[in-house]
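Visitor: Can you read through this structure? Questions will come right after.
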Amino acid sequence: MDLSRLVALAVLVLLGALRPLRCHSAGDNKSLHPVVLVPGYAANQLEAQLTAAYEPPTPVCGARKGKGWFRLWPINHTAMDDPHQATCFTDQMSVVYDADADDYGNAAGVVTRVPFFASTRGLIGWDPLVRQLEAVGYRDGESLFGAPYDFRYSVAPRGHPSAEGTRYFAALARLIEMASSLNENLPVILVPHSFGCALAYQLLLSRPLAWRRRYVKRVVFVAAALGGFAEGMDILAAGMDLGLPNLARPCRIRLGRNQQSALWRLPTPMVFGDRPLVVANNRTYTAYNIVDFLDAIGFLEGVRPYVTRVLPMWEVLPAPMVPVTSIIGVGVSTPETFVYGEDGFVGAPEVVYGDGDGDINMVSLEAIEKEWSGVEGQVLKVLRLPGVHHSDFFSVGFALKKVVHEILNASRTAKLCPRIEFRTDMQVQVGQKSLRVQVL
């Protein structure tokens, strides 16, 4: 080999040694972007205690007064076979709207708290996802965090107080910042589900764009209903039982209405337009005349907060301007219209079904894609999973696999080693000769 070829070979070898190196391997959890999980409605624990100010509806309901904290949710279904206990649970779960204060609060004498904030320990139904993430190196409280909240509450638009919602948003923002600082200042991957998507979205809108881009790598929305859903109207009309057996209608109605978050379920005019949602007493109700619907079902106390605190937050759906993945279930029979008979809202309605994920209507699931896909600078990916129910994303194998894949795909970061300085003017030994070369 002649001298020129030897010199060229030596320089190529040297340049290859100077090539930037990746500092992490697939199993190095130091390279993972932190993940913050935001659960859906009723998907985390709540605790309560009863003070001397509590006035129980029955003597049984006052048995825990002054005895410290107890688990309010999830409920003990065996204990709830006792109708007296069901009455107590309904009373202690209720949230009251104070028209003078223009805000919501617990019933007098009921104090509540959310345990395990910043941990995944208090989440309900998320264990399969947590185990999958831990298998690739995530660790609870280090790179994987839960953001549970009091799901009976929500937030309010600017100019309206929302004590519980404001506290949660402040805590969630601090958690996101802390998660980043604990992980080499990498931005977080936010993974909300269901009602948690609505809260996470409103949190992003409430923060400056610079904050969002600094702290959020990507949002993986799972079953987001940013336009409400049709069944939200039936819940207000007929109530809900939260899995309680043989719950009396007054208790169902109270559970369905006496929560700030109840009005957030309502279909929004922007997304649902004039689609028929409820038919009763020769009247058709759409998202445009929900005030009349609230009047018709006897829920007049819901009119003011709906008009002043809910509608303004969902008049438009501006893009959050951080990368988004929206994972939705499709092809599942979903309530679309509720048709009440001669008994009006007292009887059980006939249900007309359409497409969706079993709970959320397709028009609401697709609202993200419709509103954000054409926005310049908004990165958006939408995944449709046929046959996956709203509540099955973390229990159906292929759906869970898709969610995990999107999180890990977002977590991939090409971190480079700190730059190492080399002399650019050096000696290269070629045979018996020493040549001076310059590396550029």
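Residue numbers (mature numbering (1 follows the signal peptide of the UniProt record, and there is no 0)): -23 to -1, 1 to 417.
Glycine is no exception: its CB is placed at the ideal position from the N, C-alpha and C atoms.
What residues match up with F94 in a beta bridge as DSSP calls it?
Guide: On the sequence shown, position 117 is the one that residue 94 refers to. Partner(s): none; F94 has no beta bridge.
Visitor: Would V381 and P300 be called neighbours here (beta carbons separated by less than 7 Å)?
Guide: On the sequence shown, residue 381 is found 404 positions in, with the first residue counted as 1. On the sequence shown, residue 300 is found 323 positions in, with the first residue counted as 1. Against a cut-off of 7 Å, the Cβ pair of P300 and V381 comes out as no contact.
Visitor: Within the stretch 97 to 136, note down every full beta strand (DSSP E) run reaching 3 residues or more, in order along the chain.
Guide: 121 to 123
Visitor: Which residue's Cα is closest to the Cα of V248: L377, F206, N258, D75?
Guide: Translated into positions along the sequence shown, residue 248 becomes position 271. Of L377, F206, N258, D75, the residue nearest in Cα terms is F206.
Visitor: Quick check: does the Cβ of L360 come within less than 6 Å of any heavy atom belonging to the ligand GTP?
Guide: As for the ligand GTP, it is missing from this structure, which has no ligand bound.
Visitor: Cβ atoms of E119 and Y130: under 7 Å apart, would you say?
Guide: In the sequence shown, the residue the question calls residue 130 occupies position 153. In the sequence shown, the residue the question calls residue 119 occupies position 142. No, Cβ-Cβ distance for Y130 and E119 is not below 7 Å.
Visitor: Between which residues of its own chain and S139 is the CB-CB distance below 7 Å, once the five residues before and five after are set aside?
Guide: Numbered from 1 along the sequence shown, position 162 holds the residue referred to as residue 139. Hits under 7 Å: D80, V132, A133.
Visitor: State the CB to CB distance for the pair L240 and P295, rounded to an integer number of angstroms; the pair is presumed to be in contact (CB under 8 Å).
Guide: Counting from one through the sequence shown, the residue named residue 240 turns up at place 263. Counting from one through the sequence shown, the residue named residue 295 turns up at place 318. At roughly 21 Å, the Cβ-Cβ gap does not stay under 8 Å, so L240 and P295 are not in contact.
Visitor: Taking the alpha carbon of L219 as the point to measure from, which residue in E32, T64, A40 has its own alpha carbon closest?
Guide: Stepping through the sequence shown from its first residue, residue 219 is reached at position 242. The option with the nearest alpha carbon to L219 is T64.
Visitor: Jot down the residue ranges of each uninterrupted alpha helix (DSSP H) in the stretch 206 to 235, minimum 4 residues, whole runs only, in chain order.
Guide: Under the rule that a run must span 4 or more residues, the alpha helix (DSSP H) segments found entirely inside the stretch 206 to 235 read 208 to 215, 226 to 234.
Visitor: Let me confirm a value: T302 is counted as buried when at least 16 other C-beta atoms fall within 10 Å, else exposed. Which label applies?
Guide: Along the sequence shown, read from residue 1 onward, the residue named residue 302 stands at position 325. So T302 ends up on the buried side.
Visitor: How far does the alpha helix (DSSP H) with D75 in it reach, from first residue to last?
Guide: As a first step, residue 75 is located in the sequence shown; it is residue number 98 there, counting from the start. From DSSP, D75 is part of no alpha helix (DSSP H) but of the beta strand (DSSP E) over 72 to 75.
Visitor: Under a three-way DSSP split, which group does Y31 fall into?
Guide: To locate residue 31, count along the sequence shown from 1; it is residue 54. In this structure, Y31 counts as coil in the three-state DSSP scheme.
Visitor: Would you mind sorting L277 into buried or exposed? The rule is 16 or more other CB atoms within 10 Å of its CB.
Guide: Position 300 of the sequence shown, counted from the first residue, corresponds to residue 277. With fewer than 16 Cβ atoms within 10 Å of its Cβ, L277 is classed as exposed.
Visitor: Do you know how far the Cα of L180 is from the Cα of F146?
Guide: Here residue 146 is taken as the residue at index 169 of the sequence shown, counted from 1. Here residue 180 is taken as the residue at index 203 of the sequence shown, counted from 1. Approximately 6 Å between the Cα atoms of the pair.
Visitor: Excluding sequence positions up to five away, which residues of its chain have a Cβ less than 6 Å from the Cβ of G123?
Guide: If you number the sequence shown from 1, residue 123 lands on position 146. Hits under 6 Å: L14, S96, T97, L100.
Visitor: Could you tell me which of R116, G331, L152, P289 sits nearest to T314, measuring between CA atoms?
Guide: The residue labelled residue 314 in the question sits at position 337 within the sequence shown. That would be G331, whose Cα lies nearest to the Cα of T314.
Visitor: Can you list, in chain order, the residues of its chain with a C-beta nearer than 6 Å to that of L221? Leave out the 5 residues immediately preceding and following it.
Guide: Within the sequence shown, the letter at position 244 stands for residue 221. Hits under 6 Å: M57, A63.
Visitor: Does F66 pass the burial test, meaning 16 or more other C-beta atoms within 10 Å, or should it be called exposed?
Guide: Here residue 66 is taken as the residue at index 89 of the sequence shown, counted from 1. By the 10 Å Cβ count, F66 comes out buried.
Visitor: Hey, quick one: how far does the alpha helix (DSSP H) through L180 stretch, first residue to last?
Guide: If you number the sequence shown from 1, residue 180 lands on position 203. Where L180 is concerned, the enclosing alpha helix (DSSP H) stretches over 172 to 183.
Visitor: Please name the residue or residues paired with E327 in a DSSP beta bridge.
Guide: As a first step, residue 327 is located in the sequence shown; it is residue number 350 there, counting from the start. In the DSSP output, where bridge partners are listed per residue, E327 has V316.
Visitor: Just to check my reading of the structure: F128 and F172 have Cβ atoms closer than 8 Å, yes? What is that Cβ distance to the nearest angstrom?
Guide: Residue mapping note: residue 128 aligns to position 151 of the sequence shown, counting from 1. Residue mapping note: residue 172 aligns to position 195 of the sequence shown, counting from 1. Indeed, because the Cβ distance is near 7 Å, the residues count as touching under 8 Å.
Visitor: So for A257, helix, strand or coil by DSSP?
Guide: For the purposes of this step, residue 257 is taken as the residue at position 280 of the sequence shown. Of the three classes helix, strand and coil, the one that applies to A257 here is strand, per DSSP.
Visitor: Give a yes or no on contact between the stretch 325 to 345 and the stretch 306 to 313, applying the rule of three or more CB pairs nearer than 8 Å.
Guide: yes
Visitor: Using the rule of at least 16 other Cβ atoms within 10 Å of the residue's Cβ for burial, across every protein chain shown, is K378 buried or exposed?
Guide: The count along the sequence shown starts at 1 and reaches residue 378 at position 401. Label assigned to K378: exposed.
Visitor: So residue 438 packs on V373, CB below 8 Å; how close in whole Å?
Guide: In the structure as shown, the chain starts at -23 and stops at 417, and residue 438 therefore has no counterpart that could be examined.
Visitor: Quick check: the Cα distance between L9 and D320, rounded to an integer number of angstroms?
Guide: What you label residue 9 is simply residue 32 of the sequence shown in a count that begins at 1. What you label residue 320 is simply residue 343 of the sequence shown in a count that begins at 1. Their Cα atoms are separated by approximately 57 Å.
Visitor: What does a CB cutoff of less than 8 Å around L360 pick up in its chain, not counting 5 residues either side in sequence?
Guide: Residue mapping note: residue 360 aligns to position 383 of the sequence shown, counting from 1. Closer than 8 Å at Cβ, skipping near neighbours: T302, S303, I304, I305, K379, E383.
Visitor: Going by other Cβ atoms of all chains shown within 10 Å of its Cβ, with 16 needed for buried, is A78 buried or exposed?
Guide: What you label residue 78 is simply residue 101 of the sequence shown in a count that begins at 1. Exposed, by the Cβ-count rule.
Visitor: So what's R189 in DSSP terms, helix, strand or just coil?
Guide: By 1-based counting over the sequence shown, the position of residue 189 is 212. Secondary structure at R189: helix, using DSSP grouped into helix, strand and coil.
Visitor: Assign L121 to one of two classes, buried (16 or more other C-beta atoms within 10 Å of its C-beta) or exposed (fewer than that).
Guide: Residue numbering aside, residue 121 sits at position 144 when the sequence shown is read from its first letter. By the neighbour-count rule (16 or more Cβ atoms within 10 Å), L121 is buried.
Visitor: Counting only the same chain and skipping the five closest in sequence on each side, list residues whose C-beta sits under 7 Å from that of V88.
Guide: As a first step, residue 88 is located in the sequence shown; it is residue number 111 there, counting from the start. These residues qualify, in order along the chain: A25, Q26, T28.
Visitor: Kindly indicate the opening and closing residues of the alpha helix (DSSP H) around W349.
Guide: Translated into the one-based positions of the sequence shown, residue 349 becomes position 372. First-last of the alpha helix (DSSP H) with W349: 344 to 349.
Visitor: Going by beta carbon distance, what residues of the same chain come within less than 6 Å of E348, once the five residues before and after it are set aside?
Guide: Here residue 348 is taken as the residue at index 371 of the sequence shown, counted from 1. Correct list, in chain order: L294.
Visitor: Checking 7 Å against the spacing of the C-beta atoms, do G204 and S341 come in under that value?
Guide: Walking along the sequence shown from the start, residue 204 turns up at place 227. Walking along the sequence shown from the start, residue 341 turns up at place 364. For G204 and S341, yes; Cβs fall inside 7 Å.
Visitor: Could you give the residue range of the beta strand (DSSP E) that holds D80?
Guide: The count along the sequence shown starts at 1 and reaches residue 80 at position 103. D80 -> beta strand (DSSP E) spans 80 to 83.
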